[in-house]
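A.B. asks: Dropping the structure in here first, questions after.
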Amino acid sequence: MYQIIDGKATAATIRAEIAAEVAALISKGARKPHLAAVLVGTDGGSETYVANKIKACEDAGFSSTLLRFDEHLSEAELLATVQQLNADAEIDGFIVQLPLPKHINADRINEAIDPKKDVDGFHAVNIGRMVLNLPCYLPATPHGIVELLKRYNIETEGKHCVVLGRSNIVGSPVSILLARQANPGNCTVTLCHSRTKNLKEHLLQADIIVAALGKPEFVRADMVKPGAVVIDVGTTRVVDASRKSGFRLSGDVAFEEVAPKCSYITPVPGGVGPMTIAMLLKNTLHAAKKDFYG
Ligand code: GUN
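Counting from 18, one number per residue, gives the positions in the sequence shown under our numbering.
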């Protein structure tokens with residue numbers, strides 16, 4: 018029988034731990050940790066994600082600031098906003114929600130963020146420090162995956178992990194985290210992507226699969242070794258007329274047929290997704306405490 022990895026419950030536990038630590042800091046005279054979020058345009062998914070991040074801040078006893086701009090904001094204006102946030106001593110950390118409109122170079126924006134305030138962990142300095150196993154802000158979704166493995170006592174050392182997808186936000190960093198000399202970590206990692214040959218053969222070797230492709234129900238039962246741990250990072254909106262919203266979230270794994278083959282599996286929704294926000298709060302608390310950069 019497989020076990021569901023309950024990301025919603027685990028994230029709630031972590032958020033309660035963070036709220037307790039914030040309350041203790043405030044009782045000692047510290048001010049509230051303060052996260053700012055920048056949202057450009059009206060992408061439906063981004064609106065929901067940012068609203069959830071702001072709500073989570075309030076629930077954990079943080080201050081939060083949402084800076085909203087319409088999709089015509091210029092790159093120069095967004096860079097100026099980033100510089101203001103870098104310089105604002107009242108803001109501990111901030112994020113610029115992705116995707117950005119096409120006329121804005123997201124790399125240029127990312128590189129303008131002060132690494133000390135980069136609570137998304139996307140800046141080259143934080144990525145480099147992650148690779149070197151130095152203290153840094155870890156990207157929230159990969160960090161959330163590692164935290165789930167840890168809290169479910171899933172052995173990773175010496176295991177073969179196959180990661181599907183090489184995005185900067187999930188696939189590449191999770192492949193690094195799981196290969197690091199750490200616990201969880203110490204995996205042998207195979208990173209598969211759109212040019213990989215014999216994908217199924219790779220997947221059938223996996224003790225742990227991390228699916229982060231953004232292709233609904235891509236991973237089928239015949240691609241999974243019996244007893245594998247399956248982590249599904251997919252959150253694609255697919256049309257569903259039976260829902261009030263008109264859509265539902267679909268993972269990268271065909272859950273109904275894959276789950277019976279697994280030892281552990283994350284559902285969508287309620288698996289990795291809720292962990293992303295919990296780890297963003299954790300990074301913001303680290304920022305407020307100046308844990309990594311003095
Ligand atoms: N878009 C999708 N995931 C993320 C994330 O973790 N942070 C930001 N800033 N944008 C995203």
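Think of the CB as a built atom: it goes at the ideal place given N, C-alpha and C, for glycine as much as any other residue.
Suppose the cutoff is 7 Å on Cβ atoms and the five residues either side in sequence are ignored; what does the same chain contact list for L208 look like?
C.D. replies: As a position in the sequence shown, residue 208 is number 191, starting the count at 1. Excluding sequence neighbours, L208 sits near V180, R183, G188, S192.
A.B. asks: Where does the unbroken beta strand (DSSP E) through D249 begin, and where does it stop?
C.D. replies: Here residue 249 refers to the residue found at position 232 when the sequence shown is read from its first residue. First-last of the beta strand (DSSP E) with D249: 245 to 249.
A.B. asks: Measure the Cβ-Cβ separation of A238 and E273 and say whether it is below 7 Å.
C.D. replies: Locating residue 238 in the sequence shown gives position 221, counting from the first residue. Locating residue 273 in the sequence shown gives position 256, counting from the first residue. Contact: no.
A.B. asks: Expressed to the nearest angstrom, what Euclidean distance is found between the alpha-carbon atoms of E234 and A228?
C.D. replies: Residue mapping note: residue 234 aligns to position 217 of the sequence shown, counting from 1. Residue mapping note: residue 228 aligns to position 211 of the sequence shown, counting from 1. Spanning the two alpha carbons is a distance of roughly 10 Å.
A.B. asks: For N170 and V285, I'd like the C-alpha separation in whole angstroms.
C.D. replies: Stepping through the sequence shown from its first residue, residue 170 is reached at position 153. Stepping through the sequence shown from its first residue, residue 285 is reached at position 268. Roughly 21 Å between the two C-alpha positions.
A.B. asks: Going by CA-CA distance only, name the one from L155, T253, V142, N185 that's closest to M296.
C.D. replies: Residue numbering aside, residue 296 sits at position 279 when the sequence shown is read from its first letter. Per the Cα distances, L155.
A.B. asks: For C74, report the span of its alpha helix (DSSP H) as first-last.
C.D. replies: Sequence index remark: in the sequence shown, residue 74 carries index 57 (1-based). Residues 61 to 76.
A.B. asks: Have a look at L166, Q100, I108, V136 and flag the residue whose alpha-carbon is nearest the alpha-carbon of D249.
C.D. replies: For this step, residue 249 is matched to residue 232 along the sequence shown. Out of L166, Q100, I108, V136, L166 has the C-alpha closest to the C-alpha of D249.
A.B. asks: Is any heavy atom in ligand 1 found nearer than 6 Å to the beta carbon of D137?
C.D. replies: In the sequence shown, counting from the first residue as 1, residue 137 sits at position 120. Yes, the Cβ of D137 comes within 6 Å of a heavy atom of ligand 1.
A.B. asks: Which of helix, strand or coil does DSSP assign to A223?
C.D. replies: As a working mapping, residue 223 is identified with position 206 in the sequence shown. A223 falls in the coil class under three-state DSSP.
A.B. asks: Considering only C-alpha positions, which residue in the set K134, R85, E88, I126 is nearest to A106?
C.D. replies: In the sequence shown, counting from the first residue as 1, residue 106 sits at position 89. The shortest Cα separation from A106 among K134, R85, E88, I126 belongs to K134.
A.B. asks: At a cut-off of 6 Å, would you count Q222 as near ligand 1, judging by its Cβ distance to the nearest heavy atom?
C.D. replies: Here residue 222 refers to the residue found at position 205 when the sequence shown is read from its first residue. The answer is no for Q222.
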